[in-house]
Amino acid sequence: MSSIIFSAMARLFFWAMLAVSIFILYRGHDEPGGGFVGGLVAACSVAILALADGVPSARGMIRVHPVILVGIGLVLAIVSGLPGLVLDASFLTHQWLEFPNGFKLGTTMIFDLGVYLVVFGGFLSLVFRLYEEVS
Amino acid sequence: MIDFIIEHAVVWPVAVPITAAALAAMFWLRQDIQRLVSMVGLVLMLGASLLLLVTVMQDGVQARQFGSWAAPFGISFAADLLSAAMVMITGVLAVAVGVFGLADIRKREEHSGFHPLFLGMLTSVNGAFLTGDIFNLYVWFEIMLITAMGLLVLGKTRAQLDGTLKYAVLNLFSTLLFLLAVAILYGATGSLNMADLSRILATTEPSAALTLSAALFLAGFGIKAGYFPLFFWLPASYHTASITISAIFAGLLTKVGVYACFRVFTLMFEIEGSGLREAMVVIAAGTMLFGVFGAAVQWDVRRILSFHIVSQIGYMLLGLAIATPLAIAGAVFYIVHHIIVKANLFLVAGAIYRATGTYDLRKSGGLMRTNPLLAALFLIPAISLAGLPPLSGFWAKFLVIDASFQGGENWLAAVALFVGVLTLYSMSKIWIEAFWKAPPGVRQTARPVPVLMLLPIAALGAITVTIGLSPEPFIQYAQAAAETLVNPEAYIVAVLGESAGPGVEIAFDPATASPIIIEESVQ
Amino acid sequence: MNLVYAAALAALMGCGLYMLLSRQVVRIILGIALISAAVNFVIFFAGRIGASVPPLIIEGETALGPDTANPLPQALVLTAIVIGFSLVAFAAALALKTYRETGTLDTRELGDAEALGSPYTKEASSK
């Protein structure tokens with residue numbers, strides 16, 4: 001079941017949704033948004049691709065196995081908690097670097113990126129499993 | 136550095152396996168690296184649990200808060216003697232089963248993600264043992280459930296799919312009951328921290344909401360732990376998994392439910408005088424009897440052992456139902472003994488399968504002649520499970536039955552003794568059928584059992600013998616653990632800080648807590 | 659008003675339980691999903707409905723205002739939804755796989771686990 005229109009639009013949507021998901025991730029830094037929602041949107045972008053062109057081509061598009069993304073995300077989330085453990089004696093107490101122009105960079109950023117990857121990978125491995133063999 | 140590690144002793148038993156699980160997931164396509172990560176992670180986890188045990192024994196209850204949120208508001212981790220013992224036994228069992236898995240787990244199962252799932256499950260088991268927050272306990276239960284389902288269905292055979300489906304539905308239902316109990320409890324008290332709840336519930340009038348919540352906790356944990364009449368999913372699913380996975384499930388998963396019961400019904404709810412005791416006594420007797428009767432008719436080693444998990448759970452619940460310090464000490468001792476012995480029996484079943492090619496007792500036989508070492512190694516956990524002296528099971532049963540006599544529940548003691556006899560029947564059935572009788576059919580030669588399988592069996596057997604021959608320190612430890620369970624002041628103070636002894640009111644800090652909680656909960 | 663909420667939740671829970679008793683695996687999973695939704699609502703109502711100001715700390719302040727909503731149940735519900743979603747999704751994937759393997763989702767016909775090592779068959783399977 002391949003349709004040229006769907007396939008072409010899916011590619012467009014894939015990139016657009018991926019960009020939106022990264023924006024949502026970035027927005028979560030200070031405002032509603034964040035890694036979880038961002039990860040879901042990103043996973044949806046690949047899911048559309050899998051619907052249009054089949055799971056193998058979607059797998060080829062993201063290149064790495066989804067579970068590897070989950071692993072990387074988990075490692076990032078754990079690592080982001082370590083500075084708090086060392087500096088504040090409490091795991092996951094987030095530490096902030098404040099720049100003179102008011103921009104703040106914190107370990108929450110790493111944590112959110114980790115969540116993004118975990119959700120992205122976890123959701124995708126499920127979606128692939130469900131879509132496989134059907135198409 | 137050393138101080139830093141010791142100071143956070145309560146964090147490592149969870150942090151180490153989750154990191155290992157993440158690393159194993161990162162190397163999804165490289166099974167050799169996964170195996171290495173897994174083994175290193177398991178050994179480090181054993182070290183971490185040993186450190187926790189020593190720290191708790193020396194310095195009393197350990198507690199840590201996460202994210203710098205003060206105690207009743209954030210998530211706390213706390214380890215008293217019971218938690219530390221459970222984590223320790225998890226560490227030992229994880230290494231033993233991990234080594235056994237090296238010889239037993241097939242390439243295909245490894246490829247489906249055995250290592251990350253296994254480590255993830257151990258993370259959640261340790262998390263459940265250590266958390267001091269009731270909602271966090273729910274989260275660990277769910278992680279445990281999803282990783283356990285992944286492990287059960289690893290081989291993707293039809294029997295596994297069927298078994299996992301049953302496991303999934305009933306356990307999902309049980310966690311929903313648990314969550315409902317948490318919700319009602321939160322609505323009635325406004326807190327989720329177990330130490331804080333203990334303090335609040337001690338001064339709260341009994342109400343319908345609290346009774347309902349307690350009953351739901353009992354039902355939710357009851358399905359998890361396999362209490363009568365809720366145990367049907369257990370013998371319907373455990374025997375389908377690969378034997379390594381069955382062994383770790385048999386050892387740990389139901390015991391997490393039992394542990395949660397102990398935590399909730401000693402720290403938060405009173406068993407005495409709430410009608411819970413009468414219910415628990417009946418449930419305990421039913422669990423013991425029906426489990427052992429179920430086992431008596433089975434011919435598959437794994438199913439016999441699965442039914443015996445249920446029956447043994449009854450003894451632990453018996454200790455909790457009688458609720459004297461002596462009984463709880465007996466139950467704690469029983470849990471520790473049971474985890475080792477039951478997992479060991481499953482490992483032996485795996486070795487029997489390796490040697491004879493079948494789990495069906497009607498088809499196997501002759502192992503005593505072809506594999507005398509395995510026969511000897513089977514006898515240790517089997518005799519211990521049946522409760523014959525001088526092995527660990529004897530002391531465990533002795534403590535629990537003695538406590539029920541002293542608690543005035545003579546008929547329960549009689550049931551426990553009767554069940555012990557029937558357990559002996561099942562064990563001698565395995566002995567006669569698999570080891571003693573001549574093998575049926577033409578095949579006379581048994582396949583050799585790899586050393587990697589015998590090693591963990593021997594190590595767990597050695598622990599059983601050690602506990603059996605010198606039970607004194609273990610019983611003392613169990614009594615101390617029971618003491619802290621019955622009088623949880625030390626636990627509460629460790630979690631909430633010195634100022635939070637019984638009767639001290641904590642004003643809700645407007646900076647962190649919502650003001651609605653107190654006002655309306657009074658109504 | 660509370661009684662209306664309670665009745666609605668009871669209805670939801672009842673529907674879920676009814677579905678759970680079905681013989682079709684898909685209905686059972688839907689039943690689980692319904693019960694999980696009902697339980698999530700119980701958490702939500704346990705935190706009391708009343709204030710409707712979002713629990714966000716206004717810029718310049720250090721604490722929540724006096725009539726903001728209780729943020730804790732929201733966090734709990736969110737967690738429970740996420741977990742419930744992933745478990746139901748896993749169960750659905752499991753049911754799909756089972757259907758492809760066995761060709762049925764009727765629990766009366768799903769007996770592979772029970773048949774494995776059954777005491778009632780003379781020649782039980784050797785697997």
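Residue numbers (our numbering), protein chains in the order written: chain A, 1 to 135; chain B, 136 to 658; chain C, 659 to 785. All residues carry an ideal CB built from backbone N, CA and C; glycine is no exception. Small disclaimer: the values here were computed from a predicted structure and weren't measured.
Handout entry: Min CB distance residue 697 (chain C) to chain D below 7 Å
Key = Of the protein chains in the structure, A, B and C, none is chain D.
Exercise for the section: Kindly identify the DSSP beta-bridge partner or partners of residue 732 (chain C). Expected result: Partner(s): none; residue 732 (chain C) has no beta bridge.
Handout entry: residue 506 (chain B), DSSP secondary structure in three states
Key = coil
Practice task
Along the alpha helix (DSSP H) that carries residue 359 (chain B), what are the first and last residues, could you check?
Solution key: 343 to 360
Handout entry: Own chain, CB closer than 6 Å to residue 635 (chain B), minus 5 neighbours either side, in chain order
Key = Legend: pLDDT at residue 635 (chain B) = 47, less than 50; position of this residue unreliable, no value from coordinates given.
Problem - Runs of alpha helix (DSSP H) lying entirely within the segment 156 to 186 of chain B, each at least 4 residues, in chain order - result: none
Problem - As assigned by DSSP and simplified to three states, the class of residue 63 (chain A) - result: coil
Practice task
Report yes or no: do three or more beta-carbon pairs, one from the segment 168 to 186 of chain B and one from the segment 600 to 613 of chain B, lie closer than 8 Å?
Solution key: no
Exercise for the section: Answer yes or no: does any C-beta atom of chain B fall closer than 7 Å to that of residue 675 (chain C)? Expected result: no
Handout entry: Coil, strand or helix - residue 622 (chain B) by DSSP
Key = coil
Handout entry: Any C-beta of chain C under 7 Å from that of residue 616 (chain B)
Key = no
Problem - Residue-chain proximity (residue 635 (chain B), chain C), Cβ-Cβ < 7 Å - result: For residue 635 (chain B), the predicted structure reports a pLDDT of 47, less than 50, and the residue's modelled location is therefore unreliable. A value from the coordinates is still provided. Chain C contact via Cβ: absent.
Problem - Distance between residue 292 (chain B) and residue 198 (chain B) (C-alpha atoms, nearest Å) - result: 44 Å
Exercise for the section: Consult DSSP for residue 200 (chain B) and reduce its assignment to one of helix, strand or coil. Expected result: strand
Handout entry: Minimum Cβ-Cβ distance from residue 738 (chain C) to chain A less than 7 Å
Key = no
Problem - Helix, strand or coil at residue 268 (chain B) according to DSSP, with G and I counted as helix - result: strand
Handout entry: Below-7 Å beta-carbon distance, residue 747 (chain C) vs any chain A residue
Key = yes
Practice task
Verify the CB distance criterion: does residue 75 (chain A) have a CB-CB separation below 7 Å to chain B?
Solution key: yes
Exercise for the section: Starting from the Cα of residue 454 (chain B), find the closest Cα among B:425, B:539 and B:361 and give me that residue. Expected result: B:539
Exercise for the section: Would you mind working out which of B:586, B:277 and B:148 sits nearest residue 234 (chain B), comparing C-alpha positions? Expected result: B:586
Practice task
Determine which residues share a DSSP beta bridge with residue 211 (chain B) and list them.
Solution key: B:200
Exercise for the section: Please specify which runs of the beta strand (DSSP E), each continuous and at least 3 residues long, are wholly inside the segment 558 to 626 of chain B, giving them in chain order. Expected result: none
Practice task
Could you tell me the distance, in whole angstroms, from the CA atom of residue 277 (chain B) to the CA atom of residue 355 (chain B)?
Solution key: 12 Å
Problem - residue 751 (chain C): contacting residues in chain A (beta-carbon distance under 9 Å) - result: 126, 129 and 130
Exercise for the section: Give the C-beta separation of residue 42 (chain A) and residue 18 (chain A) to the nearest angstrom, bearing in mind that I take them to be a contact with Cβ-Cβ under 8 Å. Expected result: 6 Å
Practice task
Identify which residue in B:143, B:186, B:238 and B:156 has its Cα closest to the Cα of residue 590 (chain B).
Solution key: B:238
Practice task
Quick one: using the 10 Å Cβ neighbour count with 16 as the cut-off for buried, is residue 720 (chain C) buried or exposed?
Solution key: exposed
Practice task
Determine the extent of the alpha helix (DSSP H) in which residue 126 (chain A) is found, giving its start and end residues.
Solution key: 107 to 131
Handout entry: Nonlocal neighbours in the same chain, by C-beta distance under 7 Å from residue 143 (chain B), ignoring five residues either side
Key = 199
Exercise for the section: Identify which residue in B:485, B:486, B:550 and B:260 has its Cα closest to the Cα of residue 222 (chain B). Expected result: B:260
Handout entry: Residues near residue 230 (chain B) in its chain [Cβ-Cβ closer than 7 Å; skip 5 each side]
Key = 177, 178 and 181
Handout entry: Close-in-space but distant-in-sequence residues of the same chain around residue 321 (chain B) (CB under 7 Å, 5 per side omitted)
Key = 327
Problem - Which listed residue (B:545, B:196, B:186 and B:285) has its alpha carbon closest to that of residue 376 (chain B) - result: B:285
Exercise for the section: State the start and end residues of the unbroken beta strand (DSSP E) segment that holds residue 245 (chain B). Expected result: Careful: residue 245 (chain B) lies outside any beta strand (DSSP E), inside the alpha helix (DSSP H) at 242 to 246.
Handout entry: Counted within 10 angstroms of its Cβ, other Cβ atoms place residue 679 (chain C) as buried (16 or more) or exposed
Key = exposed
Handout entry: Rounded separation between residue 31 (chain A) and residue 736 (chain C) - CA only
Key = 17 Å
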